[in-house]
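Engineer:
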Amino acid sequence: MEPLIITAALVGAEVTRAEQPALPLSPAEIAEAAAEAGQAGASIIHLHVRDAAGRSTQSRDVYAATLALLRQLCPELIIQVSTGGAVGMAAAERLQPVTLAPEMATLTPGSVNFGADVFVNHPRDIELFARTIAEHGVKPELEIFDTGMIANALRLVKRGLVTPPLHFDLVMGVPGGIPGTVANLLHLVSLLPPGSTWSVAGIGAAELPLAAAAIILGGHVRVGFEDNIYYRKGELASSNAQLVARVARLARELERPVATPRQAREILTLKLPGEAT
Ligand code: KMH
Ligand code: ZN
Numbered sequence: 013m014e015p016l017i018i019t020a021a022l023v024g025a026e027v028t029r030a031e032q033p034a035l036p037l038s039p040a041e042i043a044e045a046a047a048e049a050g051q052a053g054a055s056i057i058h059l060h061v062r063d064a065a066g067r068s069t070q071s072r073d074v075y076a077a078t079l080a081l082l083r084q085l086c087p088e089l090i091i092q093v094s095t096g097g098a099v100g101m102a103a104a105e106r107l108q109p110v111t112l113a114p115e116m117a118t119l120t121p122g123s124v125n126f127g128a129d130v131f132v133n134h135p136r137d138i139e140l141f142a143r144t145i146a147e148h149g150v151k152p153e154l155e156i157f158d159t160g161m162i163a164n165a166l167r168l169v170k171r172g173l174v175t176p177p178l179h180f181d182l183v184m185g186v187p188g189g190i191p192g193t194v195a196n197l198l199h200l201v202s203l204l205p206p207g208s209t210w211s212v213a214g215i216g217a218a219e220l221p222l223a224a225a226a227i228i229l230g231g232h233v234r235v236g237f238e239d240n241i242y243y244r245k246g247e248l249a250s251s252n253a254q255l256v257a258r259v260a261r262l263a264r265e266l267e268r269p270v271a272t273p274r275q276a277r278e279i280l281t282l283k284l285p286g287e288a289t
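So the sequence shown is numbered by the numbering used here: it starts at 13 and just counts up by one.
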């Protein structure tokens, strides 16, 4: 089996310090948490940022400041910016970090109920996001919150808006989206076109069992405070790196090597360091 890519979703848009005291918020805290996650085995950082008051923002300036620190502290890691931002943000606001030409950016091909809110992705905006991501030479990660979004993604491919090989992140267990069960994971994976790569982001209590399933099935894994703040029931995780380290340990026990950032770039067909543009 190919090496396991671990993505660390360090902060997200919704979690607060009151809920998770170790949540990194400032650019410096995020960069430090990313470096620790990298040491523990992560090769991709799924990046959201916060303003000085800790509120979710898609500000180009805050992303630029954070990217600069990340490039200093852990230049080897793949940075994947969020275009999801927080529920209720406008498309133009959400797209800002893509203009910084990161290696990867998320692309959600559909709308989904999101707890008490709705994560809206109008077809017109999905097209705009796909075009902007392609124009900036960025690799999209297709965020799949429910079954129909895979069909929507394949329609984007047919229209030439997204180019294979596709990489999917199966976000499972959001209240309003597909429940985070292994049976549902097998179903989603069965719908992916040949040649695709995928990771799973299990929300809350679904994080650990789905990570274990993905390791066995040949997929990849996303963990971190964006998705789950607990190490086990009733016990908060002490850091994002603690969650990453457990997945790396599980993988090694199951004889699945953990990908280095270079191997992750090869698997995802990203440009390798030093490769001509
Ligand atoms: N915060 C969610 C509403 C992404 O990063 O692209 C959307 C999200 C997805 O987190
Ligand atoms: Zn996100």
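Note that beta-carbon positions come from the ideal geometry of N, C-alpha and C, so glycine has one too.
So residue 194 and residue 157 are supposed to be a Cβ contact under 8 Å. How far apart are they, rounded?
Structural biologist: Residue numbering aside, residue 194 sits at position 182 when the sequence shown is read from its first letter. Residue numbering aside, residue 157 sits at position 145 when the sequence shown is read from its first letter. Actually they do not touch by this definition, with Cβ atoms about 18 Å apart.
Engineer: Decide if the region 200 to 215 is in contact with the region 61 to 70; the criterion is three or more beta carbon pairs, one per stretch, under 8 Å apart.
Structural biologist: No: the two stretches stay apart, fewer than three of their Cβ pairs being nearer than 8 Å.
Engineer: Thinking C-alpha only, which one of 276, 272, 221 and 237 is nearest residue 20?
Structural biologist: Residue mapping note: residue 20 aligns to position 8 of the sequence shown, counting from 1. Taking only the C-alpha atoms, the option nearest residue 20 is 237.
Engineer: I need the boundaries of the alpha helix (DSSP H) containing residue 134, first residue and last residue.
Structural biologist: By 1-based counting over the sequence shown, the position of residue 134 is 122. Segment: none, residue 134 is in no alpha helix (DSSP H) and carries neither H nor E.
Engineer: Does the region 142 to 152 come close enough to the region 45 to 59 to have 3 or more Cβ pairs within less than 8 Å?
Structural biologist: They do not touch, by the three-pair rule.
Engineer: Can you pull every residue whose C-beta falls closer than 7 Å to some heavy atom of ligand 2, listed in chain order?
Structural biologist: Those residues, listed in chain order, are 21, 24, 25, 58, 60, 94, 96, 118 and 238.
Engineer: So what does residue 59 bridge to, in DSSP terms?
Structural biologist: Working through the sequence shown from its first residue, we reach residue 59 at position 47. Residue 59 pairs with 93.
Engineer: Check whether the region 171 to 188 touches the region 209 to 224, counting contact only when three or more Cβ pairs, one atom from each stretch, lie closer than 8 Å.
Structural biologist: Yes: at least three Cβ pairs fall under 8 Å.
Engineer: Which residues bound the beta strand (DSSP E) around residue 42?
Structural biologist: The sequence position of residue 42 within the sequence shown is 30, counting from 1. Counting along the chain, residue 42 falls outside any beta strand (DSSP E), though it belongs to the alpha helix (DSSP H) covering 39 to 52.
Engineer: What are the boundary residues of the alpha helix (DSSP H) that residue 118 is part of?
Structural biologist: The residue labelled residue 118 in the question sits at position 106 within the sequence shown. It is not in any alpha helix (DSSP H) - residue 118 instead sits in the beta strand (DSSP E) that spans 116 to 119.
Engineer: Going by the CB atoms, is the gap between residue 211 and residue 226 shorter than 8 Å?
Structural biologist: Within the sequence shown, the letter at position 214 stands for residue 226. Within the sequence shown, the letter at position 199 stands for residue 211. A contact, by the Cβ cut-off of 8 Å.
Engineer: Which ranges would you report for the alpha helix (DSSP H) in the region 169 to 207 if only whole runs of at least 4 residues count?
Structural biologist: With a minimum length of 4 residues, the continuous alpha helix (DSSP H) runs that stay inside the region 169 to 207 are 194 to 202.
Engineer: Per DSSP, residue 232 is paired with what?
Structural biologist: The residue you call residue 232 lines up with position 220 of the sequence shown. Paired residue(s): 211.
Engineer: Relative to the alpha-carbon of residue 48, which residue among 25, 86, 75 and 70 has its alpha-carbon at the smallest distance?
Structural biologist: Translated into the one-based positions of the sequence shown, residue 48 becomes position 36. Answer by Cα proximity: 86.
Engineer: What are the start and end residues of the alpha helix (DSSP H) that includes residue 152?
Structural biologist: Residue 152 sits at position 140 when you count from the first residue of the sequence shown. From DSSP, residue 152 is part of no alpha helix (DSSP H) but of the beta strand (DSSP E) over 151 to 156.
Engineer: Nearest to residue 172 by alpha carbon, out of 271, 140, 244 and 260?
Structural biologist: As a first step, residue 172 is located in the sequence shown; it is residue number 160 there, counting from the start. Ranking 271, 140, 244 and 260 by Cα distance to residue 172 puts 140 first.
Engineer: Measure the Cβ-Cβ separation of residue 110 and residue 59 and say whether it is below 8 Å.
Structural biologist: Counting from one through the sequence shown, the residue named residue 110 turns up at place 98. Counting from one through the sequence shown, the residue named residue 59 turns up at place 47. Not closer than 8 Å, so no.
Engineer: Is the beta carbon of residue 100 closer than 8 Å to that of residue 120?
Structural biologist: The residue labelled residue 120 in the question sits at position 108 within the sequence shown. The residue labelled residue 100 in the question sits at position 88 within the sequence shown. In this structure, residue 100 does not lie closer than 8 Å to residue 120 by Cβ.
Engineer: Determine the direct distance from the alpha carbon of residue 280 to that of residue 203, and round the result to whole angstroms.
Structural biologist: Within the sequence shown, the letter at position 191 stands for residue 203. Within the sequence shown, the letter at position 268 stands for residue 280. So the alpha carbons of these two residues sit roughly 19 Å apart.
Engineer: Determine the direct distance from the alpha carbon of residue 241 to that of residue 220, and round the result to whole angstroms.
Structural biologist: As a first step, residue 220 is located in the sequence shown; it is residue number 208 there, counting from the start. As a first step, residue 241 is located in the sequence shown; it is residue number 229 there, counting from the start. For residue 220 and residue 241, the distance between alpha carbons rounds to 12 Å.
Engineer: Taking a contact to mean a Cβ-Cβ separation below 8 Å, would you say residue 177 touches residue 169 in this structure?
Structural biologist: As a first step, residue 177 must be located in the sequence shown, where it is residue number 165. As a first step, residue 169 must be located in the sequence shown, where it is residue number 157. Taking 8 Å as the Cβ cut-off, residue 177 and residue 169 do not qualify as a contacting pair.
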